[in-house]
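Chains A and B, in that order, give the protein sequences. First residue of the first sequence? That's 1 in full-length UniProt numbering, and the numbers climb one at a time after it. First residue of the second sequence? That's 1 in full-length UniProt numbering, and the numbers climb one at a time after it. What follows is a single structure, written as structure tokens, with notes after it.
Number of protein chains: 2
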Amino acid sequence: MSQESLDSTEIKIKEAARELFSELGMKGATMRKVAEKAEVNVALVNYYFRSKEKLFLSIFEEKFRSYTKDGLSILNDTSRDLLDRIKTYIDRLNHQINNDQGLPIFILSETHYNPNLLDMLSDLNKEQAAIETQQLQATLDLDYHSGKIRPIKAIDFQMALFSMIVFPIISKKILTKTGKLAAAGFESYESYEPHWKNTTLSIMEAFLKPLS
Amino acid sequence: MSQESLDSTEIKIKEAARELFSELGMKGATMRKVAEKAEVNVALVNYYFRSKEKLFLSIFEEKFRSYTKDGLSILNDTSRDLLDRIKTYIDRLNHQINNDQGLPIFILSETHYNPNLLDMLSDLNKEQAAIETQQLQATLDLDYHSGKIRPIKAIDFQMALFSMIVFPIISKKILTKTGKLAAAGFESYESYEPHWKNTTLSIMEAFLKPLS
DNA sequence: AATAATTTTAAACACTTGTTTAAAACAAAC
DNA sequence: GTTTGTTTTAAACAAGTGTTTAAAATTATT
Chain A
1 MSQESLDSTE
11 IKIKEAAREL
21 FSELGMKGAT
31 MRKVAEKAEV
41 NVALVNYYFR
51 SKEKLFLSIF
61 EEKFRSYTKD
71 GLSILNDTSR
81 DLLDRIKTYI
91 DRLNHQINND
101 QGLPIFILSE
111 THYNPNLLDM
121 LSDLNKEQAA
131 IETQQLQATL
141 DLDYHSGKIR
151 PIKAIDFQMA
161 LFSMIVFPII
171 SKKILTKTGK
181 LAAAGFESYE
191 SYEPHWKNTT
201 LSIMEAFLKP
211 LS
Chain B
1 MSQESLDSTE
11 IKIKEAAREL
21 FSELGMKGAT
31 MRKVAEKAEV
41 NVALVNYYFR
51 SKEKLFLSIF
61 EEKFRSYTKD
71 GLSILNDTSR
81 DLLDRIKTYI
91 DRLNHQINND
101 QGLPIFILSE
111 THYNPNLLDM
121 LSDLNKEQAA
131 IETQQLQATL
141 DLDYHSGKIR
151 PIKAIDFQMA
161 LFSMIVFPII
171 SKKILTKTGK
181 LAAAGFESYE
191 SYEPHWKNTT
201 LSIMEAFLKP
211 LS
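Right, here's the structure in full:
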């Protein structure tokens, strides 16, 4: 057995792989770059992970799980006002993505350039997705019947929120470089973000409001 | 001078490059694959385009232009109802993206994995972005002062619309494979799309409505 | 028809890729 | 202290990469 120090060879390799794969993608990252970043001999990467594909898959699976797991449980906290729950959800999702800014593009890119990846993971997520949707739908139905909101499908609710939170973040660099934000009077994306968060909330608020 | 038949060597190469770069990305596509798809000798690719980078850049620039050019002029057509304009805009943007489904992910991926790309093109788009924003803002201000809508920033208007139209499309495969759509009672993304288009319109409608 | 310019070809170049090997260094067990 | 198992190393492997070469084929010019 080997010693299990915190920065064992295996862990150092995986950390380097995490960084390089999300920075350069599956094709852009190389075994030698991973080895160099991990300060380790090239052969050790194959010794511990058998192949580049297996190494990539271990990172991809981890990141895919992190991407598809959204904390919809917050939205089911009946003790709080629905708008308050949405606000919290927006903040959490924003925070989660800011923790690993490249995550959404990494998942979208790699699955686009190699659709096979999706077939290898689809099983696990199916059950969970169904449950979360049912719970949220129940909450939305409840609030509708008590006259608080208009009837809304949970999937639409999620789609709108997720799109408006994630897409602007993955478009950050392009928005900045093309001057779209500057043209609207915002110095940087950082100064636009809090404003946009409020706007997202306002949009959802307006959408939820019962028709009078 | 060479003959300028419609499928000249240069054009055949560019067409093959277009397909392969958007399918496999800059790193995934190879000069030999391009040559093979164009049914042409490998050396000819370098003969006409000098290098892989130059070939890629010519494709990237073309696609970037197509991605950042959004037909906001529709929204300025004062002869029509604002909601009608939005509906048309949603349809056009949807149609435009469906014509080249991989376009958004291609741009987002390649600029993410090689941020330098943005520095090479930013100049051209800046002026245009400013003009379009000013025009849209003027229209929105006009409708606000005549009491038709609440005050809204053009950038927010664009951000919401663009996010809700583009993001679901680039998430199509993942949504399908993870069963999110099936859990909501939709057989495929194709059956969800028209429903979502209506939802997007409803959201924008609710958001625009003046506060009573 | 002869010459010049252009286009295409097969082959090779130098370099990088993922992966394997066989020996060395190290730690654990007896 | 010797043996056993594990980890690390430098070197090499075969295949693939972008690119260049120099000759051949084709087309255009005179």
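Where is the CB? At the ideal position from N, CA and C, for every residue including glycine. Just so we're clear, the structure is a prediction, and the values are computed from it rather than from any experiment.
| For A:D70, the three-state DSSP class (helix, strand or coil) | If you number the first sequence from 1, residue 70 of chain A lands on position 70. In this structure, A:D70 counts as coil in the three-state DSSP scheme.
| field | Residue ranges of each alpha helix (DSSP H) within the region 84-159 of chain A, 4 or longer | value | 103-113, 116-119 and 122-145
| query | Along chain A, in chain order, which residues have C-beta atoms closer than 9 angstroms to that of B:L118? | reply | Here the question's residue 118 of chain B lines up with position 118 in the second sequence. Listed along chain A are K173, I174, T176, K177 and T178, each with a C-beta nearer than 9 angstroms to that of B:L118.
| request: Report the residue from A:S22, A:E39, A:L24 and A:G28 whose alpha carbon sits nearest the alpha carbon of A:I13. | output: On the first sequence, position 13 is the one that residue 13 of chain A refers to. Looking at the Cα atoms, A:E39 is the closest of the given residues.
| In chain order, what residues of the same chain lie with their CB nearer than 7 angstroms to the CB of B:R85, ignoring the 5 residues before and after it? | Within the second sequence, residue 85 of chain B is the residue found at index 85, counting from 1. So the list reads I74, L75 and D77, once near-sequence residues are dropped.
| request: Please report how far the alpha carbon of residue 225 of chain B lies from the alpha carbon of A:S58, in whole angstroms. | output: No answer is possible for residue 225 of chain B: the residues shown for chain B start at 1 and end at 212.
| task | Pick out whichever of B:K69, B:K148, B:V42 and B:P115 has its Cα sitting closest to the Cα of B:Q158. | result | Here residue 158 of chain B refers to the residue found at position 158 when the second sequence is read from its first residue. Among B:K69, B:K148, B:V42 and B:P115, the Cα nearest to that of B:Q158 belongs to B:K69.
| task | Just mark A:E187 as buried or exposed, buried being the case when its beta carbon has 16 or more other beta carbons within 10 Å. | result | Mapped onto the first sequence, residue 187 of chain A falls at position 187. Label assigned to A:E187: exposed.
| query | What does a CB cutoff of less than 8 angstroms around B:L201 pick up in its chain, not counting 5 residues either side in sequence? | reply | For the purposes of this step, residue 201 of chain B is taken as the residue at position 201 of the second sequence. Within the same chain, L83, I86, K87 and I90 come within 8 angstroms of B:L201 by CB-CB distance, once the 5 residues on both sides are set aside.
| task | Pick helix, strand or coil for A:E4, following the three-state DSSP scheme. | result | In the first sequence, counting from the first residue as 1, residue 4 of chain A sits at position 4. The predicted model places A:E4 with a pLDDT of 44, which falls under 50 and marks its position as unreliable; any figure quoted below should be read in that light. Reduced to three states, the DSSP call for A:E4 is coil.
| query | If you pair each beta-carbon of the region 23-39 of chain B with each one of the region 181-197 of chain A, do three or more pairs fall below 8 angstroms? | reply | no
| query | Closest by CA to A:R80, which one among A:F207, A:Y113, A:T139 and A:K63? | reply | One-based indexing of the first sequence puts residue 80 of chain A at position 80. Minimum Cα distance to A:R80 is reached at A:T139.
| request: Mind listing the chain B neighbours of A:I105? Cutoff is C-beta to C-beta under 8 angstroms, in chain order. | output: Within the first sequence, residue 105 of chain A is the residue found at index 105, counting from 1. Going along chain B in sequence order, the residues near A:I105 (Cβ under 8 angstroms) are L108, S109 and H112.
| Validate contact between the region 149-169 of chain A and the region 136-154 of chain B using beta carbons, cut 8 angstroms, 3 pairs | no
| query | Quick one: is A:S5 near chain B, going by C-beta distance under 9 angstroms? | reply | The count along the first sequence starts at 1 and reaches residue 5 of chain A at position 5. With a pLDDT of 48 at A:S5, under the threshold of 50, the modelled position of that residue is not reliable, and the figure given next carries that caveat. No, A:S5 lies away from the interface with chain B (no Cβ there is under 9 angstroms from its Cβ).
| request: Starting from A:R50, trace the alpha helix (DSSP H) both ways and give me its first and last residue. | output: Along the first sequence, one-based indexing puts residue 50 of chain A at 50. Element bounds for A:R50: n/a, residue is neither H nor E.
| request: Just mark B:Q3 as buried or exposed, buried being the case when its beta carbon has 16 or more other beta carbons within 10 Å. | output: Against the second sequence, residue 3 of chain B aligns to sequence position 3. Low local confidence applies: a pLDDT of 38 at B:Q3 is under 50, so the model's placement there is unreliable, and no value is given.
| message | What are the residues in the region 127-147 of chain A lying within 7 angstroms of chain B by C-beta distance? | response | Cβ contacts with chain B: A129, A130 and T133.
| Is B:Y192 close to chain A, meaning its C-beta is less than 9 angstroms from at least one C-beta of that chain? | Counting from one through the second sequence, the residue named residue 192 of chain B turns up at place 192. Cβ-Cβ to chain A under 9 angstroms: yes for B:Y192.
| message | So the candidates are A:L108, A:K177 and A:H145; which of them puts its Cα closest to the Cα of B:K172? | response | Counted from its first residue, the second sequence places residue 172 of chain B at position 172. Nearest of A:L108, A:K177 and A:H145 to B:K172, Cα basis: A:L108.
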